[in-house]
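Residue numbers (our numbering), protein chains in the order written: chain A, 854 to 1082; chain B, 854 to 1082; chain C, 854 to 1082; chain D, 854 to 1082.
Each residue gets a CB set at the ideal place from its N, CA and C atoms; glycine is no exception.
Protein chains: 4
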Amino acid sequence: MTEDSLRPLVAEALGTLLLVATVVGSGIMAQRLFHGTDSSDGLVLLANTAATAAGLLALILCFAPISGSHFNPAVSLAAFWEGRLSRREASAFGLAQMVGALGGTLFAHLMFSAPLLQISHHARPEWPMLLSEFTATFALVVVIRGTRNQALAPFAVAGIIAAGYWFTPSTSFANPAVTLARAFTDSFTGIRPMDVPGFMAAQFLGALAATVLFRWMQPPEALPAVVSD
Amino acid sequence: MTEDSLRPLVAEALGTLLLVATVVGSGIMAQRLFHGTDSSDGLVLLANTAATAAGLLALILCFAPISGSHFNPAVSLAAFWEGRLSRREASAFGLAQMVGALGGTLFAHLMFSAPLLQISHHARPEWPMLLSEFTATFALVVVIRGTRNQALAPFAVAGIIAAGYWFTPSTSFANPAVTLARAFTDSFTGIRPMDVPGFMAAQFLGALAATVLFRWMQPPEALPAVVSD
Amino acid sequence: MTEDSLRPLVAEALGTLLLVATVVGSGIMAQRLFHGTDSSDGLVLLANTAATAAGLLALILCFAPISGSHFNPAVSLAAFWEGRLSRREASAFGLAQMVGALGGTLFAHLMFSAPLLQISHHARPEWPMLLSEFTATFALVVVIRGTRNQALAPFAVAGIIAAGYWFTPSTSFANPAVTLARAFTDSFTGIRPMDVPGFMAAQFLGALAATVLFRWMQPPEALPAVVSD
Amino acid sequence: MTEDSLRPLVAEALGTLLLVATVVGSGIMAQRLFHGTDSSDGLVLLANTAATAAGLLALILCFAPISGSHFNPAVSLAAFWEGRLSRREASAFGLAQMVGALGGTLFAHLMFSAPLLQISHHARPEWPMLLSEFTATFALVVVIRGTRNQALAPFAVAGIIAAGYWFTPSTSFANPAVTLARAFTDSFTGIRPMDVPGFMAAQFLGALAATVLFRWMQPPEALPAVVSD
């Protein structure tokens, strides 16, 4: 592996790490600050939404020139389906994202002096959650694939994730790497390990549906060359 | 109907569906999270505003290259008045938006395990509501028509809707398709069916007033060619 | 007066009207929704800030190609000092803004079924308020004058006003026309008439200080030609 | 020292002053408005985050053409390490930022009629705080260094700071000049003087780590010429 092929992987790992640290860390922070108060549940989600959207915007803008700022195996898989990543690249991206995501959870725990290794007890079981994750990931990939103004795409992605935190009952994980990593935190943003496989399957199906739709909506051959910033 | 003429209609239907799912879904989510708390009414509207603005920004950026991201029969009608859509195109857009909007309400109910078919009991009757909807739609069409920087227009639209949620007593529906769809949810964002016709009439009048004003303010012949992204 | 010279005045009047309706209306709405709750004062200001910033962004983007989107006599006066408006134009702008602002207050009252004519009893007397308004207007004019990227200037202006709502004890009126108009609403955003002249004087002085500073910081002859969108 | 070399220093001092006045002032305002309420801690941080992000966006857009809008000795030092500022320039920037930051604290106290000279008693001692400040500054410099779209860089910086207010237990000071200045306010955003040196050391180390990483990630010789707006 050359340095040139390593750089995007480091970017994906680091970007996903900082993203998960933001998601998990802001959940812990908000839980502590709003602990025991009347409007706690809603206010924690509001703070979590603001921090996630703001951080996501910054991280996508930052790493887009290096790796395209996927931070998400479902997005990299969709890029593979469309021929924009080779199988080998997509696999390496996915692995880097998983490692980064798990690192992000540990790092958030470390910063907040919480036990490093935790297993979530946050049950997210009902089938509407699966529909919800399918929809959230479908909407995310639709937005990524549809937005042609590359400079403003980071705003579109942050926007659809912020909206998803509220319009889906599962709060829009929409990311298999982030889902896995959130199984290892027993805080606001966690998910019980037994609910993870269903979430992941729903997410990949959502990405597939969006890809199939856009193959028809915007035939790739009609797209302009990719401009990364 | 050719595939090329079908694509914008699918974009309008899907975009409006996701928009209404965001509006209705985030209202349900916020109502559940803030249920019974002291500041409930205001905090639900705050969360609803944030989710709607973020989702609207993403969806407009996404579908603009395909259909222009109207998602709103009043906007399509204004485009017809200005000769930017044919009568036939505007009608098809309006129908696609209606179907998408109704689908969005059903879909939000499905995700949140609520009864699929509901009728709103949320009364919004007083005449100030009509003035309010006239104003909200007038302001929306003014902003769409006035903003020349097409790349930033999605921010302007999301901005005026977010403001309208708070500066109009009706919380700025400003969209006949969305208004109809919101008659079928008995949750925070619903509207009693008997109040729908008045809202719609006020919205179309608002769009008309904005169109007449801008015919004088910015004569169409002086406008640069439309650039969609 | 020709039609061409009337258009910018209508734009200034309408833009200021919608801006003041947003400021005053969102204050009334938030006051009603959060009435009697524990965190009322802060939450009303938070909602007021979000609505104002979102509306201001939309309105500036909308009217910039027609009038430059001043909506503010202090900004128009600064433009006169710099030779970008004639004395006659600046006076007409100021008059249009005053008329629009007063209309905005009346219109907000009309929409919210409140008494049309009100006089504020909201005392904002202490001298720190004057320092606060001097600073808020100084910062506003500095931001307008300093930001060279005209496309993003609306974000900068909305940003400094949103910040000013919180970092100044007067909540950053920063606009003589808006200040006058807010004397005529006895709601959250009002100001007692006897405090208006001091506010206005402080605002004009703040604009003057910013203009003098930037005459040295960025000599006008070094600026590129104005691009309005 | 010529006028041309003085202008960037005045820009850095004034920008940092307004930034710190925003951070400290909005903290005081929010503390007063939410005083004694149930959700006080979290809501104060939420308001503080919104005001800081909005103000930072405006100030960066404003002063970027004049000085590059560092407002932060760690950022100026990183620019020196990369050869974009001379040692002399970086030192002068750092000094201007320190003076501006201290002025910002005093100015916030003056506006809010608080005692001008205060010493913070807000303890922020544990070692996780140091890790937290290392991370916050690392992420800030990574985002500055990685974002190639100069026009949108202000959004990336405001985004990572807003996220940092919530994903780090120290609320992301990420700035040695601001840290020093916050030792002199005994309000929400203060820091006990004895905790300042550790914060500063962690911040400079974070900036160093980001610089070393990006020397490999994006070799400077491969970067396009700097475009300031």
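Chain-order list of residues whose beta-carbon lies under 8 Å from that of residue i (same chain, five-residue window excluded)
i, result
"residue 939/B", "933"
"residue 920/C", "860, 861, 862, 864, 865, 868 and 946"
Residue-level contact to chain C via CB, residue i, 8 Å cutoff
i, result
"residue 1061/B", "no"
"residue 1020/B", "yes"
"residue 878/D", "yes"
"residue 1031/D", "no"
"residue 964/D", "yes"
"residue 889/B", "no"
Unbroken alpha helix (DSSP H) run spanning residue i, endpoints
i, result
"residue 1003/B", "No alpha helix (DSSP H) contains residue 1003/B, which DSSP labels as neither H nor E."
"residue 950/D", "940 to 964"
"residue 890/A", "No alpha helix (DSSP H) holds residue 890/A; DSSP gives it neither H nor E."
Three-state secondary structure assigned by DSSP to residue i
i, result
"residue 1059/D", "helix"
"residue 872/B", "helix"
"residue 1036/D", "coil"
"residue 826/A", "In the structure as shown, chain A starts at 854 and stops at 1082, and residue 826/A therefore has no counterpart that could be examined."
"residue 1071/C", "coil"
"residue 935/C", "coil"
"residue 1022/C", "coil"
"residue 855/A", "coil"
"residue 1131/C", "The structure shown does not extend to residue 1131/C, since chain C is modelled only from 854 to 1082, so the question has no answer here."
"residue 849/D", "For residue 849/D there is no data in the structure shown, the boundaries of chain D being 854 and 1082."
"residue 1044/D", "coil"
Contact with chain D by residue i, beta-carbon distance below 8 Å
i, result
"residue 1009/C", "yes"
"residue 1077/C", "Only weak support exists for where residue 1077/C lies, its pLDDT of 46 falling under 50; the value from the coordinates is given anyway. Answer no: the Cβ-Cβ gap between residue 1077/C and chain D never drops below 8 Å."
"residue 908/A", "yes"
"residue 1065/C", "no"
"residue 981/C", "yes"
"residue 936/C", "no"
"residue 860/A", "yes"
"residue 854/A", "no"
Spatially closest choice to residue i from the options, by CA coordinates
i, options, result
"residue 958/A", "1068/A, 1039/A and 859/A", "1039/A"
"residue 1028/B", "858/B, 931/B, 942/B and 975/B", "931/B"
"residue 897/D", "955/D, 906/D and 885/D", "885/D"
"residue 998/B", "1055/B, 1045/B, 1063/B and 911/B", "1063/B"
"residue 1047/C", "914/C, 974/C and 1023/C", "974/C"
"residue 1050/C", "915/C, 977/C and 1065/C", "977/C"
"residue 1025/D", "963/D, 1044/D and 1037/D", "1044/D"
"residue 989/A", "872/B, 970/B, 855/B and 944/B", "872/B"
"residue 883/D", "902/C, 1009/C, 1005/C and 980/C", "902/C"
"residue 1061/B", "913/B, 926/B and 916/B", "926/B"
"residue 942/C", "1066/C, 953/C, 858/C and 904/C", "858/C"
Nonlocal neighbours in the same chain, by C-beta distance under 7 Å from residue i, ignoring five residues either side
i, result
"residue 1080/C", "Here the model assigns residue 1080/C a pLDDT of 39, short of 50, so the residue's position is not dependable, and the following value carries that caveat. Counting only Cβ-Cβ distances below 7 Å, and skipping sequence neighbours, we find 1003."
"residue 949/B", "862, 865 and 866"
"residue 1013/A", "992, 993 and 996"
"residue 1076/C", "Unreliable placement is indicated for residue 1076/C, whose pLDDT of 49 sits below 50; the coordinate value is still reported in the next sentence. Cβ within range, chain order: n/a, list empty."
"residue 1058/A", "987"
Cutoff 6 Å; reference residue i; Cβ partners in own chain excluding five residues on either side
i, result
"residue 1042/C", "876, 877, 880 and 1035"
"residue 1011/C", "906, 909 and 910"
"residue 1055/D", "983, 986 and 987"
"residue 887/B", "893, 896 and 897"
"residue 969/A", "959 and 962"
Chain A within 8 Å of residue i, Cβ atoms only
i, result
"residue 1071/D", "yes"
"residue 996/D", "yes"
"residue 985/B", "no"
C-beta neighbour in chain B for residue i, strict 8 Å
i, result
"residue 896/C", "yes"
"residue 875/C", "yes"
"residue 892/A", "yes"
"residue 871/C", "yes"
"residue 1002/A", "yes"
"residue 1042/A", "no"
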